[in-house]
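Participant: Below is one structure. I have some questions about it.
Residue numbers (my numbering): 20 to 415.
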């Protein structure tokens with residue numbers, strides 16, 4: 020991995036931000052979390068870091084999610100809503116989070132809507148219609164009104180991300196085994212990064228400096244390392260569980276040192292060094308490990324275990340799992356996000372045509388809301404942060 024280390028350059032030297040919370044930051048009660056003291060390591064000033072050109076410097080040298088404590092003024096007039104793509108019903112359900120009621124349902128504008136993704140500038144939400152056989156479209160939603168516009172033809176958008184500099188929209192073209200690069204304003208395709216050995220390419224996250232990404236390959240038990248600065252595939256890495264694995268969501272730790280990759284066949288999360296991309300461990304979490312969500316205070320990560328209807332909580336400071344909670348009455352928690360204050364975790368019940376609203380401070384189910392068939396990658400809006408890197412609202 021020596022050559023890869025050389026290409027990485029200077030990464031952020033980061034530690035978990037201890038006890039940091041703003042007026043919008045909810046704190047997840049992990050109950051058994053031990054008391055810890057965290058000392059920040061010496062860091063390089065942002066202006067001297069080797070960031071992807073054009074990427075906003077991190078607000079804190081200690082936490083890549085430090086900007087996700089408060090809502091930006093640019094989303095002040097956006098409606099508080101939960102948008103749910105129903106991949107089998109080809110519809111979008113709109114939930115009022117104050118009443119837990121579905122207040123609207125409309126056609127997704129295509130077939131197999133998979134995720135609802137905030138744009139880089141947070142001014143549009145896009146429903147990813149992943150039509151089979153390489154077709155597809157993006158349905159834009161105005162978050163000020165909750166109304167949808169006209170579908171934008173985009174080939175094979177299973178998922179959607181944005182480079183941390185905002186230059187490109189990355190359409191995750193699963194059927195084509197490609198990361199297609201689009202102009203995020205005109206939606207003209209301008210480039211592509213082929214990943215021919217990454218069957219089922221689907222989720223990704225970026226290094227702290229924005230220069231690289233780790234991408235999961237659901238149908239081949241592998242992950243791919245992508246050079247975002249050079250727009251090239253660097254290498255393919257086989258997971259220890261073999262080609263029969265099904266890696267899903269990918270998430271960078273707050274300190275920027277570690278990637279976590281959920282695998283729903285291995286029933287846990289693989290751990291990767293974010294500088295060398297070496298696999299450094301595996302954490303069993305539960306049957307069907309799927310989605311990964313860092314809490315508002317950056318102290319913990321929620322893991323959805325879809326097959327067994329549970330959530331696991333990983334404590335970053337303790338470096339341990341500190342809780343497992345089962346949805347009363349069962350369920351199939353898939354993808355979602357936290358409320359702006361960090362207290363309520365909203366997650367789609369993929370195989371139950373419903374959405375769960377879960378209080379992750381008092382750990383109780385607030386609501387079980389019927390929606391359309393195949394509820395998948397819902398987003399909660401608005402989200403705190405300066406910009407979106409995509410998926411269901413990964414903010415920095």
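Think of the CB as a built atom: it goes at the ideal place given N, C-alpha and C, for glycine as much as any other residue.
Between residue 369 and residue 353, how many whole angstroms is the CB-CB distance? I'm expecting something under 8 Å.
Facilitator: For the purposes of this step, residue 369 is taken as the residue at position 350 of the chain shown. For the purposes of this step, residue 353 is taken as the residue at position 334 of the chain shown. Rounded, the Cβ-Cβ distance is 4 Å, consistent with contact.
Participant: Of all the options 277, 299, 79 and 220, which has the alpha carbon lying nearest to the alpha carbon of residue 336?
Facilitator: In the chain shown, the residue the question calls residue 336 occupies position 317. It is 277 whose Cα lies nearest to the Cα of residue 336.
Participant: Does the segment 97 to 106 come close enough to the segment 116 to 130 that 3 or more CB-CB pairs lie under 8 Å?
Facilitator: yes
Participant: Taking the straight line between their C-alpha atoms, what separation do you get for residue 445 and residue 187?
Facilitator: Here the chain comprises residues numbered 20 to 415, so residue 445 is not present and cannot be evaluated.
Participant: If distances are taken between C-alpha atoms only, which option among 305, 176 and 163 comes closest to residue 284?
Facilitator: By one-based count along the chain shown, residue 284 stands at place 265. It is 305.
Participant: Tell me whether the beta-carbon of residue 172 lies closer than 8 Å to the beta-carbon of residue 128.
Facilitator: Here the question's residue 172 lines up with position 153 in the chain shown. Here the question's residue 128 lines up with position 109 in the chain shown. Result no, Cβ atoms of residue 172 and residue 128 do not sit closer than 8 Å.
Participant: Specify the secondary structure class of residue 349 as computed by DSSP and reduced to three states.
Facilitator: Stepping through the chain shown from its first residue, residue 349 is reached at position 330. Note: residue 349 maps to coil in three-state DSSP.
Participant: Three or more C-beta pairs closer than 8 Å, one from the segment 320 to 328 and one from the segment 346 to 366: is that the case here?
Facilitator: yes
Participant: Just to confirm before moving on: does the CB-CB distance between residue 321 and residue 250 stay below 8 Å?
Facilitator: Counting from 1 along the chain shown, the entry for residue 321 is found at position 302. Counting from 1 along the chain shown, the entry for residue 250 is found at position 231. No, they are not a contact pair.
Participant: So, with DSSP's three-state summary, where would you put residue 94?
Facilitator: Here residue 94 refers to the residue found at position 75 when the chain shown is read from its first residue. Here residue 94 sits in helix by DSSP.
Participant: Pull the bridge partners of residue 254 from the DSSP assignment, please.
Facilitator: Here residue 254 is taken as the residue at index 235 of the chain shown, counted from 1. Bridge partners of residue 254: 244.
Participant: If distances are taken between C-alpha atoms only, which option among 81, 133, 72 and 142 comes closest to residue 149?
Facilitator: Working through the chain shown from its first residue, we reach residue 149 at position 130. Answer by Cα proximity: 133.
Participant: Run through DSSP, which three-state label would residue 330 get?
Facilitator: Stepping through the chain shown from its first residue, residue 330 is reached at position 311. Reduced to three states, the DSSP call for residue 330 is strand.
Participant: Roughly how many angstroms separate the alpha carbons of residue 53 and residue 272, rounded to a whole number?
Facilitator: Numbered from its first residue, the chain shown carries residue 53 at position 34. Numbered from its first residue, the chain shown carries residue 272 at position 253. With a pLDDT of only 32 at residue 53, under 50, the local geometry of the prediction cannot be trusted, and the value read off the model is given with reservation. Approximately 19 Å, taken between the alpha carbons.
Participant: Apply the 10 Å Cβ neighbour rule to residue 374 and answer buried if 16 or more other Cβ atoms are within range, or exposed otherwise.
Facilitator: Counting from 1 along the chain shown, the entry for residue 374 is found at position 355. Burial call: buried.
Participant: Do residue 108 and residue 393 have their beta-carbon atoms positioned less than 8 Å apart in this structure?
Facilitator: For the purposes of this step, residue 393 is identified with residue 374 of the chain shown, where counting begins at 1. For the purposes of this step, residue 108 is identified with residue 89 of the chain shown, where counting begins at 1. Yes, the Cβ-Cβ distance between residue 393 and residue 108 is below 8 Å.
Participant: Who are the Cβ neighbours of residue 58 in its own chain at under 7 Å, not counting the five residues just before and after it?
Facilitator: Counting from one through the chain shown, the residue named residue 58 turns up at place 39. Unreliable positioning characterises residue 58 in this predicted model, as indicated by a pLDDT of 30, which lies under 50. The coordinate reading is nonetheless provided below. So no residue of the chain qualifies.
Participant: Are there three or more Cβ pairs, one per stretch, closer than 8 Å when the segment 83 to 95 is compared with the segment 189 to 206?
Facilitator: no
Participant: How about residue 105 and residue 390: are their beta carbons less than 8 Å apart?
Facilitator: Numbered from 1 along the chain shown, position 86 holds the residue referred to as residue 105. Numbered from 1 along the chain shown, position 371 holds the residue referred to as residue 390. Contact flag set, yes.
Participant: So, under 8 Å CB-CB, residue 182 and residue 141 are touching, yes? Tell me the CB distance rounded to an integer number of Å.
Facilitator: Here residue 182 is taken as the residue at index 163 of the chain shown, counted from 1. Here residue 141 is taken as the residue at index 122 of the chain shown, counted from 1. 15 Å between Cβ atoms; not a contact.
Participant: Could you tell me which of 69, 131, 70 and 74 sits nearest to residue 396, measuring between CA atoms?
Facilitator: Your numbering for residue 396 matches position 377 in the chain shown. When each option's Cα is compared against that of residue 396, the closest is 131.
Participant: Taking only three categories from DSSP, how would you classify residue 226?
Facilitator: On the chain shown, residue 226 is found 207 positions in, with the first residue counted as 1. Correct three-state label for residue 226: coil.
Participant: For residue 212, report the span of its beta strand (DSSP E) as first-last.
Facilitator: Within the chain shown, residue 212 is the residue found at index 193, counting from 1. Under the DSSP assignment, residue 212 falls in the beta strand (DSSP E) whose first and last residues are 208 to 213.
Participant: For residue 194, tell me which candidate among 266, 180, 302 and 218 has the shortest Cα-Cα distance.
Facilitator: By 1-based counting over the chain shown, the position of residue 194 is 175. It is 218 whose Cα lies nearest to the Cα of residue 194.
Participant: Is the beta carbon of residue 214 closer than 8 Å to that of residue 252?
Facilitator: In the chain shown, residue 252 corresponds to position 233, counting from 1. In the chain shown, residue 214 corresponds to position 195, counting from 1. Yes, the pair counts as a contact, with Cβ atoms nearer than the cut-off.
Participant: So for residue 411, helix, strand or coil by DSSP?
Facilitator: Here the question's residue 411 lines up with position 392 in the chain shown. Of the three classes helix, strand and coil, the one that applies to residue 411 here is coil, per DSSP.
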